[in-house]
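To keep things clear, I will list the structure first and then write my remarks on it.
Numbering (my numbering), first residue to last: 42 to 244.
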């Protein structure tokens with residue numbers, strides 16, 4: 042099937058990717074666990090949609106959208122193993138609803154479970170909930186993910202960047218591109234078919 046991903050700019054993409062957990066060396070896990078992945082929020086997925094239908098579902102003009110991190114969560118599904126739920130801002134919800142409605146009209150039966158979220162790790166079912174929880178606990182223990190609160194609003198901050206170059210703390214990313222991705226087979230075989238850049242709103 043095809044998915045539409047909201048993706049951060051290249052700098053933030055690299056920073057976030059560097060903070061995502063790698064396969065642990067100290068314990069055996071499935072080869073399908075902890076694949077390298079691009080930080081993204083899935084706006085919609087569809088088994089039926091073609092690339093043209095998916096492209097047509099995007100609004101014009103397509104504006105950059107900030108994604109604010111809310112909470113580190115552990116799920117019960119491979120694609121929602123360890124993830125950060127994002128804040129349902131008006132802009133993000135409007136983009137998602139526009140795309141879902143357009144795909145629906147084209148008979149593409151779109152879905153977007155647990156929208157909006159940014160996955161941090163995909164962990165195979167054979168490794169189970171214990172490994173997913175362990176991954177989340179390790180992120181907290183190593184202070185890569187820290188809970189923070191501003192004005193009573195839940196938020197999390199990701200510490201990115203190695204010790205050498207100093208740390209960058211991200212509590213959000215700027216969604217500057219939408220990617221059309223063919224998500225079939227193992228994660229490393231997924232194909233990015235097209236990248237659509239957003240156009241900043243010039244006041």
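Glycine included, C-beta positions come from ideal geometry on N, C-alpha and C.
How many Å lie between residue i and residue j at the Cα?
i, j, result
"residue 87", "residue 73", "23 Å"
"residue 137", "residue 219", "12 Å"
"residue 102", "residue 52", "23 Å"
"residue 91", "residue 97", "10 Å"
"residue 58", "residue 240", "24 Å"
"residue 131", "residue 75", "32 Å"
"residue 222", "residue 89", "13 Å"
"residue 152", "residue 85", "6 Å"
"residue 186", "residue 214", "15 Å"
"residue 113", "residue 147", "34 Å"
Give the range of the alpha helix (DSSP H) segment to which residue i is assigned.
i, result
"residue 55", "51-60"
At what residues does the beta strand (DSSP E) containing residue i begin and finish?
i, result
"residue 83", "82-87"
Once DSSP output is grouped into helix, strand and coil, what is the label at residue i?
i, result
"residue 92", "helix"
"residue 140", "helix"
"residue 243", "coil"
"residue 234", "strand"
"residue 45", "strand"
"residue 121", "strand"
"residue 132", "helix"
"residue 69", "coil"
"residue 112", "strand"
Starting from the C-beta of residue i, find all residues in its chain whose C-beta is less than 8 Å away, skip the five residues before and the five after it, and write them out in chain order.
i, result
"residue 127", "82, 108, 109, 110, 111, 133, 157, 158 and 159"
"residue 190", "196"
"residue 227", "73 and 76"
Can you list, in chain order, the residues of its chain whose CB lies under 7 Å from that of residue i, leaving out five sequence neighbours each side?
i, result
"residue 176", "62, 123, 162 and 164"
"residue 202", "56, 59, 208 and 209"
"residue 54", "48, 79 and 80"
"residue 167", "71"
At least one CB of chain C closer than 8 Å to the CB of residue i: is that the case?
i, result
"residue 219", "This model lacks chain C altogether, as it is built from one protein chain only."
CB-CB under 6 Å to residue i, same chain, minus the five flanking residues each way: which ones, in chain order?
i, result
"residue 235", "221"
**Asked** What are the start and end residues of each continuous beta strand (DSSP E) run of 3 or more residues lying completely inside the stretch 194-227, in chain order?
**Response** DSSP runs (the beta strand (DSSP E)) wholly in the stretch 194-227: 194-201, 209-211 and 213-223.
**Message:** As an exercise, report each continuous beta strand (DSSP E) stretch of at least 3 residues that is fully enclosed by the stretch 139-193, in chain order.
**Reply:** Fully enclosed beta strand (DSSP E) runs of 3 or longer: 158-162 and 186-191.
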